[in-house]
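Colleague: By my numbering, the letter at position 58 of the sequence shown is numbered 39, and the numbering carries on one by one without gaps.
The C-beta atom is built at its ideal place from N, Cα and C for all residues, glycine as well.
Given the structure is predicted, the values throughout are model-derived calculations rather than measurements.
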Amino acid sequence: MPPKFKAPRGTFDVLPEQAAQRERLLRAAHEICGRSGYKNIATPSFEDTALFERGVGESTDIVRKEMFTFEDKGGRSLTLRPEGTAPICRAYVEHGMHKLAQPVKLSYSGPFFRHERPQAGRYRQFHQIGAEAIGSDSPLADVEVITLLSDLLEEMGVPGVELRLGSLGSLEARAAYLDELKAHLRSRSDELSEDVSERIEINPLRAFDSEHPGTQAVMEDAPQLLDHLDQADSEHFEEVRQLLSAASVEFVIDPALVRGLDYYTRTIFSFVCDQLGAQSEIGGGGRYDGLIAQLGGPDTPAVGWAAGIERILLALDEEVEVPAGDLFIAVESADQNSKAVALAAELRHHGLVVEIDLAGRSMKGQLKHADRISAAHVLTLSNDGAASLRNRASNEIRDVQPADVLDLIRP
Ligand code: AMP
């Protein structure tokens, strides 16, 4: 017996019974983003490795441990994209989008790849939807993108969602605070996890989301970034809070909020869901005012988010029924196949979901098959030219002309 294969560790198949809910989510995201003027963009599934090293940051877990990096046959280092913002900024710069009306508002969905330890809600290939507003430093842009995700989760009926909000300040203003934080961490480095202690100099903020009890104790008395924002950053944060309230988006301030990517500045946010256990974040994002310049483009402020499709579906924890077909056409013998094929083509053309027998079954077998696929109606074509239509729910049977079937069953 040849070996049977399984999907690789940390990956999964989306089966048809799960696909319907996923399609509903994608449609809702597309509509909600579209109604605020966000246009769809798609970038490749892999990029130059250096884009993520520079864009996401060399000190992050993603770049240090989680990238699927490979060499192509020409010796170039490529990486399966672990996130969507750096590629979109690359596209913004590459296509000179700074010449368009600003901000450029984009939304996307697709697969992303991180070599993480698989567990419920955490995979090695997962899917995100996201939105970015590039070219505005106004708090209105922060609030607009946050509202998109808030509306989407509400529209989908995701229960137990909380929006946490913080600010990292601008890069310059943050520098003084980071010195203070590093001094605090250094003074108690023997209590920290190895990972945090190794990264005191390059990424001290990560200590805030450590799960290590010793580190957590040290962070309880750590200086808070929100107390160290400069005036411009404080005003920006204040306006974001006011406008969110004006938009009736509820939130809580989280002074310890940090994110796993280096590019964030000022506003950061995270939508968490109490239905999800350890991997409780559904989506999040923030402002990244320095990223486009860092990728060789003009100085361009921007803000955006990404949300995990699987996490949203896990939080919903319900399957929508795969819609049943409208009609199954059964034939008394193969002599009726041409008629069945022609009629099926015509009805499908009118938007009906129509199936025919593809397995040469007997009439009895075809009727059983129509039951199994839950077709709403069954049309039987007999060799003497007669046709009868059965409504499977009511079991009502009537003699019909095939040409009348469309009007009889059109929903
Ligand atoms: P990030 O790009 O890290 O800011 O993550 C944004 C969102 O993507 C998270 O809130 C999750 O919903 C989702 N996500 C990130 N990593 C994974 C993963 N390994 N598996 C499933 N979903 C993920």
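Provide the residue span of the alpha helix (DSSP H) that contains D132, from first to last.
Modeller: P120 to M137
Colleague: DSSP three-state call for L370: helix, strand or coil?
Modeller: The answer is strand: DSSP assigns L370 an E or B state.
Colleague: What does DSSP give as the partner residue(s) for K86 in the beta ladder?
Modeller: The secondary-structure analysis by DSSP pairs K86 across a beta bridge with A114.
Colleague: Does the Cβ of G241 lie closer than 6 angstroms to at least one heavy atom of the ligand AMP?
Modeller: yes
Colleague: Counting along the chain, where does the alpha helix (DSSP H) carrying I378 start and finish?
Modeller: Note, I378: premise wrong, no alpha helix (DSSP H); beta strand (DSSP E) at I378 to D380.
Colleague: For V142 and C254, which I take to be in contact (beta-carbon distance under 8 angstroms), what is that distance rounded to the nearest angstrom?
Modeller: About 5 angstroms separates the two Cβ atoms, so the contact holds.
Colleague: S251 lies in the alpha helix (DSSP H); which residues open and close that run?
Modeller: Per DSSP, S251 belongs to no alpha helix (DSSP H); it is in the beta strand (DSSP E), T246 to C254.
Colleague: Please look up how many angstroms separate the CB atoms of R105 and G278, rounded, as I've assumed it's under 8 angstroms.
Modeller: No, R105 and G278 are not in contact; Cβ-Cβ is about 31 angstroms, not under 8 angstroms.
Colleague: Report yes or no: do three or more beta-carbon pairs, one from the segment 318 to 328 and one from the segment 280 to 300, lie closer than 8 angstroms?
Modeller: no
Colleague: Tell me which residues share the same chain as R62 and place their Cβ nearer than 7 angstroms to its Cβ, disregarding the 5 neighbours each side in the sequence.
Modeller: S26, F27, E28, P68, F93 and F94
Colleague: Just to confirm the assignment, what range does the beta strand (DSSP E) spanning A288 have?
Modeller: Segment A283 to G289, the beta strand (DSSP E) holding A288.
Colleague: Between Y244 and K54, what straight-line distance do the alpha-carbon atoms span, to the nearest angstrom?
Modeller: Distance from the CA atom of Y244 to the CA atom of K54, rounded to whole angstroms, is 31 angstroms.
Colleague: Let me check understanding here. Comparing Cα to Cα, which of F252, A227 and V230 lies closest to L238?
Modeller: F252
Colleague: For A10, I'd like the list of residues in its chain whose CB is within less than 8 angstroms of its CB, leaving aside the five on either flank, ordered along the chain.
Modeller: S88, S90, I110 and L133
Colleague: Going by the C-beta, is E64 closer than 6 angstroms to any heavy atom of the ligand AMP?
Modeller: yes
Colleague: Relative to the C-alpha of L224, which residue among M200, P204, H193 and L146 is closest?
Modeller: Closest by alpha carbon: L146.
Colleague: Taking 6 angstroms as the line, does the beta carbon of I263 fall inside it for any heavy atom of the ligand AMP?
Modeller: Relative to the non-hydrogen atoms of the ligand AMP, the Cβ of I263 comes within a distance shorter than 6 angstroms of at least one.
Colleague: Determine the direct distance from the alpha carbon of A367 to that of M137, and round the result to whole angstroms.
Modeller: 47 angstroms
Colleague: Quick one: does the C-beta of F232 sit closer than 6 angstroms to a heavy atom of the ligand AMP?
Modeller: No, Cβ of F232 sits at least 6 angstroms from all heavy atoms of the ligand AMP.
Colleague: Less than 6 angstroms separating the Cβ of F250 from some heavy atom of the ligand AMP?
Modeller: no
Colleague: Go through its chain and collect everything with a Cβ distance to E336's Cβ below 6 angstroms, but skip five positions before and after it.
Modeller: G306 and F309
Colleague: Within the same chain, show all residues whose beta-carbon is closer than 7 angstroms to that of R3, passing over the 5 residues directly before and after it, in chain order.
Modeller: Annotation for R3: V(-5), I290 and L294 place their beta carbon closer than 7 angstroms to its own, counting only its chain and skipping 5 residues before and after.
Colleague: Hey, D380 and S369 are a contact pair by Cβ (cut 8 angstroms); roughly how many whole angstroms apart?
Modeller: 5 angstroms
Colleague: If you run the structure through DSSP and keep just helix, strand and coil, what is F(-14)?
Modeller: coil
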